[in-house]
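Residue numbers (the numbering used here): 18 to 387.
First comes the structure, then the notes that go with it.
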């Protein structure tokens, strides 16, 4: 077969282009430090790389959930410890109040400290983490607890005898007494001890002895704490592994609710101290002890969960390192070897240029007769 100069040129340019492609591929491998930069580099390897990358992404998602769970639990633990401290201080106050050397005036002064503890407890119960309420259950955007100063209740009249109302330290001028039809007048039908929270029905008035009446009033301090009507018992879970979920929150109902209710217990402590109610103080101490036991149980439960999440996080981290190592083995390039191959390919390329310059030297002039 006759080999023409055009054929030589075409073959030379084709081989030269292949050399340039090989050079470009090696340069890309070195620049990216990756052996596989396009599917054609290693079709089987690409499939494995995609599978390993998916595993890394999945593990990173689980790790993010673990970190979120740890942050939420740590905030919950701090709030629980603050709550425990509130009731520990309340217990100390009650023990001092039960001391025989403590008089009524001193107990009344102690009630002011309890009221401050109550306000602190409400703030703790409404603690937030990144704008979300810790004890709100699944309703994390709405405050779980709201303080109220208004009271509506019933009492049974006893002529000329003080009857304790539900709360002490009543706001003057806020009391309304009615039988559902008639409204009765203070000073004519009854008298009030606003500080101690007692009402005395006067036999000289229009109210009847032994009859049940309605009374509404406002207190100078918190009289009750209500829950978010949407509920605070929801539990939040996060996936931290394949088929593994962990509860990250502790609903407020499990901490502050139940019997005895944490808020009502402190209100009872305060009002018993104001009224110098020795029996009420004893009962309040029993409630506080029960709440402290409940808080200890919740802290232990939370601690167990935190340990499990911590262990899961460490396991995920190790697994991610292993998968990342496999990915690097499949995807990454050996830089030293690639540099040697690049140098060799450059030599081949330069040699091809040199040979080509010699083979393709003839021009049209070489074929003209003299």
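In this text, a Cβ means the ideal position worked out from N, Cα and C, and glycines have one as well.
As the structure is a prediction and not an experimental result, all values here were calculated from the model.
Beta strand (DSSP E) runs contained entirely in the segment 139 to 221, provided each spans 3 or more residues: 162 to 165, 167 to 173, 179 to 181, 193 to 195, 207 to 210 and 215 to 218
Option nearest residue 247 by Cα separation, candidates 88, 100, 154 and 145: Numbered from its first residue, the chain shown carries residue 247 at position 230. It is 154 whose Cα lies nearest to the Cα of residue 247.
Inter-residue Cα distance where the pair is residue 118 and residue 212: Reading the chain shown from its first residue, position 101 is the one you call residue 118. Reading the chain shown from its first residue, position 195 is the one you call residue 212. Those two C-alpha atoms are separated by around 23 Å.
CA-to-CA distance, residue 268 to residue 250, given in whole angstroms: Position 233 of the chain shown, counted from the start, is the residue given in the question as residue 250. Position 251 of the chain shown, counted from the start, is the residue given in the question as residue 268. Approximately 5 Å between the Cα atoms of the pair.
Three-state secondary structure (DSSP) of residue 243: Taking the chain shown and counting its residues from 1, the one referred to as residue 243 is at position 226. Strand.
Coil, strand or helix - residue 329 by DSSP: Taking the chain shown and counting its residues from 1, the one referred to as residue 329 is at position 312. Residue 329: helix per DSSP, three-state reduction.
Residue 8 versus residue 199: straight-line alpha-carbon distance, rounded: The requested residue 8 is not part of the displayed model; the chain covers only 18 to 387.
Contained alpha helix (DSSP H) runs [length at least 4] in the segment 276 to 314, N- to C-terminal order: 279 to 292
Opposing strand residues paired with residue 261 [DSSP bridges]: Counting from one through the chain shown, the residue named residue 261 turns up at place 244. DSSP, once it has assigned bridges, lists 258 as partnering residue 261.
Sheet register partners of residue 229 (DSSP bridge): Along the chain shown, one-based indexing puts residue 229 at 212. Paired residue(s): 173.
Alpha-carbon to alpha-carbon, residue 176 and residue 225: The count along the chain shown starts at 1 and reaches residue 225 at position 208. The count along the chain shown starts at 1 and reaches residue 176 at position 159. Going by the C-alpha atoms only, they are around 8 Å apart.
C-alpha gap between residue 73 and residue 340, whole angstroms: For the purposes of this step, residue 73 is taken as the residue at position 56 of the chain shown. For the purposes of this step, residue 340 is taken as the residue at position 323 of the chain shown. If you take the alpha carbons of residue 73 and residue 340, they lie about 7 Å apart.
For residue 119, the three-state DSSP class (helix, strand or coil): The residue given as residue 119 occupies position 102 in the chain shown. Three-state result, residue 119: coil.
Helix, strand or coil at residue 237 [DSSP, three-state]: What you label residue 237 is simply residue 220 of the chain shown in a count that begins at 1. Coil, per DSSP.
Touching by the beta-carbon criterion (3+ pairs, under 8 Å), the segment 127 to 141 and the segment 237 to 245: yes
Cutoff 6 Å; reference residue 252; Cβ partners in own chain excluding five residues on either side: Numbered from its first residue, the chain shown carries residue 252 at position 235. Cβ neighbours of residue 252 beyond the five flanking positions: 264.
For residue 75, the nearest candidate out of 260, 142, 293 and 308 (CA to CA): In the chain shown, counting from the first residue as 1, residue 75 sits at position 58. That would be 260, whose Cα lies nearest to the Cα of residue 75.
Residue 205, buried or exposed, once every other Cβ within 10 Å from all chains shown has been counted against 16: Translated into the one-based positions of the chain shown, residue 205 becomes position 188. It counts as exposed.
Proximity below 9 Å, CB of residue 143 to CB of residue 166: Position 126 of the chain shown, counted from the first residue, corresponds to residue 143. Position 149 of the chain shown, counted from the first residue, corresponds to residue 166. Cβ atoms of residue 143 and residue 166: not closer than 9 Å.
Within 9 Å, strictly: CB atoms of residue 136 and residue 164: Position 119 of the chain shown, counting from 1, holds the residue named residue 136. Position 147 of the chain shown, counting from 1, holds the residue named residue 164. A contact, by the Cβ cut-off of 9 Å.
Any 3 or more C-beta pairs closer than 8 Å across the segment 315 to 334 and the segment 276 to 284: no
contact_flag[the segment 285 to 302, the segment 81 to 89] where n(CB pairs < 8 Å) is 3 or more: no
Distance CB(residue 217)-CB(residue 179) smaller than 9 Å: Within the chain shown, residue 217 is the residue found at index 200, counting from 1. Within the chain shown, residue 179 is the residue found at index 162, counting from 1. Cβ atoms of residue 217 and residue 179: closer than 9 Å.
Residue 234 and residue 187 closer than 9 Å at C-beta: Stepping through the chain shown from its first residue, residue 234 is reached at position 217. Stepping through the chain shown from its first residue, residue 187 is reached at position 170. Yes, they are a contact pair.
Close Cβ partners of residue 182 (< 8 Å) along its chain, the five nearest in sequence each way excluded: As a first step, residue 182 is located in the chain shown; it is residue number 165 there, counting from the start. The residues are 168, 170, 172, 214, 215, 216, 232 and 234.
Contiguous beta strand (DSSP E) assignments of at least 3 residues, all confined to the segment 64 to 121: none
DSSP three-state assignment for residue 345, whether helix, strand or coil: Mapped onto the chain shown, residue 345 falls at position 328. Here residue 345 sits in helix by DSSP.
Bounding residues of the alpha helix (DSSP H) (the contiguous stretch that carries residue 269): Here residue 269 corresponds to residue number 252 of the chain shown, with the count starting at 1. Residue 269 -> alpha helix (DSSP H) spans 269 to 272.
Rounded straight-line distance, which links the Cα of residue 258 to that of residue 105: Here the question's residue 105 lines up with position 88 in the chain shown. Here the question's residue 258 lines up with position 241 in the chain shown. Those two C-alpha atoms are separated by around 39 Å.
Residue 344 beta carbon less than 9 Å from that of residue 70: Reading the chain shown from its first residue, position 53 is the one you call residue 70. Reading the chain shown from its first residue, position 327 is the one you call residue 344. Yes, Cβ-Cβ distance for residue 70 and residue 344 is below 9 Å.
Environment of residue 244 [buried if 16+ CB atoms lie within 10 Å]: As a first step, residue 244 is located in the chain shown; it is residue number 227 there, counting from the start. Classification for residue 244: buried.
Whole-angstrom distance between residue 262 and residue 336, CA atom to CA atom: Locating residue 336 in the chain shown gives position 319, counting from the first residue. Locating residue 262 in the chain shown gives position 245, counting from the first residue. Between residue 336 and residue 262, the C-alpha separation is close to 18 Å.
Simplified DSSP state of residue 10, which is helix, strand or coil: Nothing can be reported for residue 10: it is not among the residues displayed for the chain, which extend from 18 to 387.
Helix, strand or coil at residue 132 [DSSP, three-state]: By one-based count along the chain shown, residue 132 stands at place 115. Reduced to three states, the DSSP call for residue 132 is helix.
Identity of the residue in 330, 125 and 310 nearest residue 389 by Cα: Past the boundaries of the shown model lies residue 389; the chain is included only from 18 to 387, so the question cannot be answered.
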